[in-house]
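Peer 1:
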Amino acid sequence: MSAGLPLLLLADGRQTDGRTLQTLARRQGAFLLADLPALAGWLQTGNTPFVLLTHGEHCAPALAMLPPDGRCRAALLLSPQGDPLAAPVLPFPALVACHRPDPRYPRLIQAASLAAVWQARLHLLSGSGDDAGELAPLLADLIRLAGQPLSGEC
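Per our numbering, the very first residue in the sequence shown carries number 74; after that it's consecutive.
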């Protein structure tokens with residue numbers, strides 16, 4: 074990890090996107106969190122800045138749990154689900170990645186709407202079959218951004 078920030082992964086390995094993030098996270102030495110309570114515990118005990126990786130239905134609740142203290146420096150959100158009307162602008166760089174229109178992955182419009190509200194970059198996966206490989210350089214760019222000062226910091 075080039076910025077030295079820990080990566081926190083919240084992913085359900087029973088789902089395709091969860092397995093994709095787990096593969097990516099293993100390559101990066103991420104901390105794997107089992108569920109939202111594990112994230113809450115990490116947030117309560119740690120004060121280290123980090124980068125969040127999560128997917129699907131975990132995205133909106135995980136983002137809502139983040140304290141406004143600037144510890145979350147960036148987020149990679151794969152095929153996020155949630156209500157765009159309830160989503161706030163994120164105070165850190167974020168990347169929303171999702172699959173191109175496909176009956177197996179019907180969430181493109183929702184993901185694009187969330188990316189717009191979060192003011193996150195949107196990336197459509199190519200469908201090549203190696204989503205983790207495709208996301209790796211994007212995550213490297215996100216980690217680089219995470220190492221820079223956020224708005225209002227010197």
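By construction, the Cβ of each residue, glycine as well, lies at the ideal position given by its N, Cα and C atoms.
This structure is a prediction, so every number in the text was calculated from the model and none was measured.
Should the region 203 to 223 be regarded as contacting the region 148 to 160, the criterion being three or more beta carbon pairs within less than 8 Å?
Peer 2: By the Cβ rule, the region 203 to 223 counts as touching the region 148 to 160, because three or more pairs are nearer than 8 Å.
Peer 1: If you scan the region 196 to 221 from start to end, which runs of the alpha helix (DSSP H) of 4 or more residues do you find wholly inside it?
Peer 2: 204 to 219
Peer 1: Pull up the distance between the alpha-carbon of Pro122 and that of Phe104, whole angstroms please.
Peer 2: Rounded to whole angstroms, the separation of the alpha carbons of Phe104 and Pro122 is 13 Å.
Peer 1: Name, in chain order, the residues that DSSP records as bridge partners for Ala147.
Peer 2: Val124
Peer 1: Identify whether Leu163 lies in helix, strand or coil by the three-state DSSP scheme.
Peer 2: Assigned with DSSP and collapsed to three states, Leu163 falls in coil, not helix or strand.
Peer 1: Assuming contact is defined by CB atoms lying nearer than 7 Å, are Ala188 and Val162 in contact in what I supplied?
Peer 2: no
Peer 1: For the beta strand (DSSP E) containing Leu106, list its first residue and its last residue.
Peer 2: Secondary structure note for Leu106: its beta strand (DSSP E) is the uninterrupted segment 104 to 106.
Peer 1: For Cys171, which residues does DSSP report across the bridge?
Peer 2: Leu197
Peer 1: Report the CB separation of Leu106 from Leu80 in whole angstroms; it is logged as a contact under 8 Å.
Peer 2: Not really, about 11 Å apart at Cβ, beyond 8 Å.
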